[in-house]
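Working notes for the structure below.
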Amino acid sequence: MLKKNKREKILKAAISAFAQKGYHDTSISKIINKAGIARGTFYLYFENKRQIFDSILENLIVEIDRCIKKIEIGKERQNPLEQLKDNLRRIFTLFVENPELSRILLRHAAG
């Protein structure tokens, strides 16, 4: 398996585990069991649970950022309110299409 694919497999397993149990109740053992990898393989890609969790959140922030377009004002531009609505629709769609990431974000947004 390619290195990038293995990393993605670990990330997907971690997303699933964090969505089900939350950060504090998810262990590295749970992640490696879900991913079907050896413990050492996990540590080739991530130093610890915090690092993989932060990586998941960073990826989510990048995706949210991609959904947001700069609101431009001018005669030739769409109404700013419509531009804002379009941004919100894209973000909402992202969360609907990624319910596990939504659960993680909502569960841990307050700290």
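According to this note's numbering, the stretch in the sequence shown is residues 1 to 111, in order. For every residue, glycine included, the Cβ atom is placed at its ideal position computed from N, Cα and C.
Residue i in three-state terms, based on DSSP
i, result
"N33", "helix"
"I73", "coil"
"F42", "helix"
"H108", "helix"
"S102", "helix"
Residue i: first and last residue of the uninterrupted alpha helix (DSSP H) it sits in
i, result
"N87", "80-97"
"E63", "49-67"
"A17", "3-21"
Straight-line Cα distance separating residue j from residue i
i, j, result
"F95", "K4", "24 Å"
"E58", "A109", "13 Å"
"R90", "S102", "14 Å"
"I73", "L81", "10 Å"
"K69", "I61", "14 Å"
"I64", "P99", "14 Å"
"A13", "R77", "43 Å"
"F18", "K75", "46 Å"
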